[in-house]
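Reading through the structure tokens given below for one structure.
Numbering (the working numbering), first residue to last: 24 to 276.
This is the structure:
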């Protein structure tokens, strides 16, 4: 997939080597942030890259504010991780809910907010339904998952897929943390917008970054609640042995 400036966190999920020496095929699954600014040239790039299905993990409010602009020939599936409420794990929540800004009085509180978001992505019924449907959708070649920044809800989805395929934890974490580099320019623009608003950068920084503590919170919640990832995937997300076998058969070689 070639670089698309209007989708700076767009990337292939494949290319990683598994713990048993196999490799995750490229050109099958992708991740990104919102696709609301795509141009006709971007549409051509998406199609040329093999994207045929977009799974949107955002809330109804996010989708209304930044509707995806997709080319003909790409199917669209809404998989709302937070349908029944709760803050999105993106900076948009700061501007949508002034009480959130007031509640974030230290970097530690901001980081704790994101940790709770990640725990919720493991434990809530909305997230169970969304991520179960997402993993089943990923059995279709050319599937792209995204949220607003493509770092939190999407980050968990990508980490789930890679872990289920047998990629080791350090590699999964490094793939997740790569969002910080991909989103650095976007974050700088947000910091500039916040100048003069009274909102301190160090308070907002934990919301604009991905951190090991966030993804670890999700995996730790899986272990504490379900014992292991396989049990979580089958009991909470509803995947069958056949579903898991289909994913591994498609992606691994």
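C-beta: ideal position from N, C-alpha, C; glycine also.
Annotation: residue 167 to residue 64 spans about 18 Å, alpha carbon to alpha carbon. Using a 10 angstroms sphere on the CB of residue 193, the tally of other CB atoms stays under 16, which defines it as exposed. Per DSSP, reduced to three states, the secondary structure at residue 169 is strand. By the neighbour-count criterion, in which 16 or more other beta carbons inside 10 Å mark a residue as buried, residue 145 falls on the buried side. Close CB contacts of residue 33 within its chain, under the 7 Å cut and outside five residues either way in sequence, are with 24, 27, 53 and 55 (chain order). With a cutoff of 8 Å on beta-carbon distance, residue 151 and residue 260 are scored as near each other. In this structure, residue 81 and residue 170 form a Cβ contact; the two beta carbons are roughly 5 Å apart against a cut-off of 8 Å.
DSSP lists 77 as the bridge partner or partners of residue 99.
With respect to the C-alpha of residue 181, the residue from 137, 238, 228 and 213 having the closest C-alpha is 238. For residue 143, the closest alpha carbon among the candidates 222, 249, 265 and 240 is that of 240.
Comparing alpha carbon positions, the residue from 95, 83 and 248 closest to residue 107 is 83. The Cβ atoms of residue 160 and residue 100 lie closer than 8 Å to each other.
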